[in-house]
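In order, the protein sequence lines correspond to chains A and B. The first sequence lines up with residues 1 to 187 when you count with the UniProt record's numbering. The second sequence lines up with residues 1 to 187 when you count with the UniProt record's numbering. We treat Cβ as the ideally placed atom computed from N, Cα and C, and that holds for glycine. Predicted, not measured: the structure shown is a model, and the values here were computed from it.
Number of protein chains: 2
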Amino acid sequence: MQDKLREHIEKVILLSDEEFAFISAHFTVKKFKKHQFIIQKGDAVKYSYFVVSGLLKLVHTDDSGKEHIISFAMEDWWESDYYAFYTQTEATLSLECLEDTEVLGLTFENYRKLCDGLQKMERFFLEKSNFGFLGAQRRILSLITSNAKERYEQLLKRYPSLFQRVPKSLIAAYLGVSRETLSRFSR
Amino acid sequence: MQDKLREHIEKVILLSDEEFAFISAHFTVKKFKKHQFIIQKGDAVKYSYFVVSGLLKLVHTDDSGKEHIISFAMEDWWESDYYAFYTQTEATLSLECLEDTEVLGLTFENYRKLCDGLQKMERFFLEKSNFGFLGAQRRILSLITSNAKERYEQLLKRYPSLFQRVPKSLIAAYLGVSRETLSRFSR
């Protein structure tokens, strides 16, 4: 599991064995079963999660109980309720496993310790954050310029493996269309 | 102008006079007139801009020539075509002044020099990037869970001053509704 983390970080910064040992000691291995909640609305959000294997959905549930999927996260992605994580407040979102999932969890305190202890890690998190922002901006652009069918095609092109792993009903919830509308797109 | 930058950065990290002098030397003052383009689609994107005074719109123009407003930026905001800035590629967006505008421009090279030369600045940019990501995620959530009237009310509540400064036609373009629909909301 630690190998995957090292490989992931080294796409951005190169590390000595000593540096990686320092980094690795700040993470906690956690394993969850399919359908298990990693974060539930109202929880304290203790960790930011690096996904080693498995698949997650980050969900906002509205007042009427309807689920809106903000994002999916799979191998090599980071996920959490980041507003709650950064501000150390209660979760307003939930994070649920769509498959058996292994993650490496980083507490907010350890996130700060990594940044303070090794400037390279601050660079790493800055790069991840900048590209996370660009991904979110791309999604905003897609939501304001494209119709549901175009968004479906963009998603299929960008993340073909999602369509093998995620039930169609959840793809529909992510795109904001009904299950029936989605069926028409995928014929 | 530099005072505003110092005040802005010191909301995140405290600086000595020497540190601020070092930082300040990496920025270039630029002044633009209302309606002037700071970035045009196809340009090399040389700078990230800190807005000292004025108001900007970041725009995606689709194949049919229709303008979609990704964001407005006013005093104390940073703006650029960040995909093009971080990857040092050509602009796909345009950035235009809605008022006479003064900015402090930071080249990509100087952004790197600031991060390398003063770890505090890497911390500052990491904080800005994290909160930029959260702002983008909030907008995604608003786009997938709220109708146009609700988005209008959220915008009015969060940025009341926008409604004094921005023509109604642009508020409509930001919300993705027609000018007529917007008039119905604001009655």
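{"Check": "DSSP-derived helix/strand/coil call for residue 13(B)", "Outcome": "coil"}
{"Check": "Environment of residue 179(A) [buried if 16+ CB atoms lie within 10 Å]", "Outcome": "exposed"}
{"Check": "Span separating the alpha-carbon of residue 84(A) from that of residue 67(B)", "Outcome": "34 angstroms"}
{"Check": "Neighbour flag for residue 122(B) against chain A, beta carbons, 8 angstroms", "Outcome": "yes"}
{"Check": "Bridge partners - residue 74(A), DSSP secondary structure assignment", "Outcome": "55(A)"}
{"Check": "DSSP bridge partner residues for residue 95(B) (one or two, in chain order)", "Outcome": "39(B) and 58(B)"}
{"Check": "Under 8 angstroms by beta carbon: chain B residues contacting residue 48(A)", "Outcome": "Correct list: empty, because the minimum Cβ distance to chain B is about 11 angstroms."}
{"Check": "Residue 98(B) beta carbon less than 8 angstroms from that of residue 31(B)", "Outcome": "no"}
{"Check": "Closer than 8 angstroms to chain A by CB, residue 110(B)", "Outcome": "no"}
{"Check": "Whole-angstrom C-beta distance between residue 124(A) and residue 12(A), which should lie under 8 angstroms", "Outcome": "5 angstroms"}
{"Check": "Cβ pair count under 8 angstroms reaching 3, the segment 40-56 of chain B against the segment 113-130 of chain A", "Outcome": "no"}
{"Check": "Which of helix, strand or coil DSSP assigns to residue 30(B)", "Outcome": "strand"}
{"Check": "Of the listed residues 151(A), 182(A), 116(A) and 160(A), nearest to residue 23(A) (C-alpha basis)", "Outcome": "116(A)"}
{"Check": "DSSP three-state assignment for residue 106(B), whether helix, strand or coil", "Outcome": "strand"}
{"Check": "Span of the alpha helix (DSSP H), counted from its first residue to its last, around residue 46(B)", "Outcome": "That residue, residue 46(B), is in no alpha helix (DSSP H); it is neither H nor E in DSSP."}
{"Check": "Through-space distance from residue 69(A) to residue 57(A), alpha-carbon basis", "Outcome": "7 angstroms"}
{"Check": "CA-to-CA distance, residue 147(A) to residue 176(A), given in whole angstroms", "Outcome": "10 angstroms"}
{"Check": "Chain A contacts from the segment 17-38 of chain B (Cβ-Cβ distance under 9 angstroms)", "Outcome": "none"}
{"Check": "Nearest neighbour of residue 9(B), chosen from 145(B), 77(B) and 46(B) [CA to CA]", "Outcome": "77(B)"}
{"Check": "Assumed close pair residue 107(B), residue 47(B) - CB separation to whole angstroms, cut-off 8 angstroms", "Outcome": "6 angstroms"}
{"Check": "Residue range of the unbroken alpha helix (DSSP H) whose run includes residue 150(B)", "Outcome": "148-158"}
{"Check": "Residues near residue 96(A) in its chain [Cβ-Cβ closer than 8 angstroms; skip 5 each side]", "Outcome": "35, 36, 37, 38, 56, 57 and 59"}
{"Check": "Counted within 10 angstroms of its Cβ, other Cβ atoms place residue 81(B) as buried (16 or more) or exposed", "Outcome": "buried"}
{"Check": "Beta carbon proximity, residue 136(A) to chain B, threshold 8 angstroms", "Outcome": "yes"}
{"Check": "Separation of residue 100(A) from residue 41(A), as counted between CA atoms", "Outcome": "21 angstroms"}
{"Check": "Sheet register partners of residue 90(B) (DSSP bridge)", "Outcome": "44(B)"}
{"Check": "Short Cβ contact (8 angstroms threshold) for residue 20(B) with residue 105(B)", "Outcome": "no"}
{"Check": "Where residue 133(A) meets chain B, residues with beta-carbon distance less than 8 angstroms", "Outcome": "82, 129, 132, 133 and 136"}
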